[in-house]
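Since the structure comes first, as C-alpha cells, the remarks are kept for the end.
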Amino acid sequence: MSCLYHYPILIEQNPGVIKILRRSFLLVLGSPAFTCEVFIAIIVLTCLCMATLFGLPLLYAGMASVLQTRATRALLIKYEVLPPEPEPTPIPDDEWKVPDD
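Using this note's numbering, read the sequence shown as starting at 15 and increasing by one per residue.
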C-alpha cells in the first residue's frame, strides 16, 4: 500500500529512489488507517469506472492520481513537511464592475 505515495512524493519533493521508498513507508506506518481508507477509495473508484465501461479509459487515471496526490499532500501537511494551504481570499468586485455613466 505504500505505492500509493510513491508518485506524489516524487513530484512534490523530487528525492532519490531510496528516499521515496523510505518516506512512503514512513507515511504508511504513521497513519495506517488513512492509508487503508485511501486504498479502499481507489478500489471503489476502480470498480465504478469498470462498471461504466467508458470510465476506465476516460476518467480512471486522472481521478486516481488526484486522489493519491491530495491524500499525500494531506499527510505531508499533517506531519509539517509542507506548509498548510492558505485560506482563499475573495476577489474585490470593484475591478469587475462596469462604470456608471
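A virtual CB, placed ideally from N, CA and C, is assigned to each residue, including glycine.
Note that this is a predicted model, so its numbers are computed, not measured.
Does the distance from the CB of residue i to the CB of residue j come in under 9 Å?
| i | j | result |
| --- | --- | --- |
| L41 | T83 | no |
| T60 | A78 | yes |
| L18 | V52 | yes |
| A65 | L81 | no |
| I23 | I34 | yes |
| F48 | L89 | yes |
| Q27 | V112 | no |
Compare the C-alpha of residue i against each of the options and name the closest.
| i | options | result |
| --- | --- | --- |
| S16 | P29, E26, N28, G44 | G44 |
| Y93 | P102, P106, P29, R37 | R37 |
Can you tell me where the alpha helix (DSSP H) holding residue i begins and where it ends?
| i | result |
| --- | --- |
| L81 | 75-92 |
| Y21 | 20-27 |
- Whole runs of the alpha helix (DSSP H) within the region 29-68, excluding any shorter than 4 residues: 31-44, 46-66
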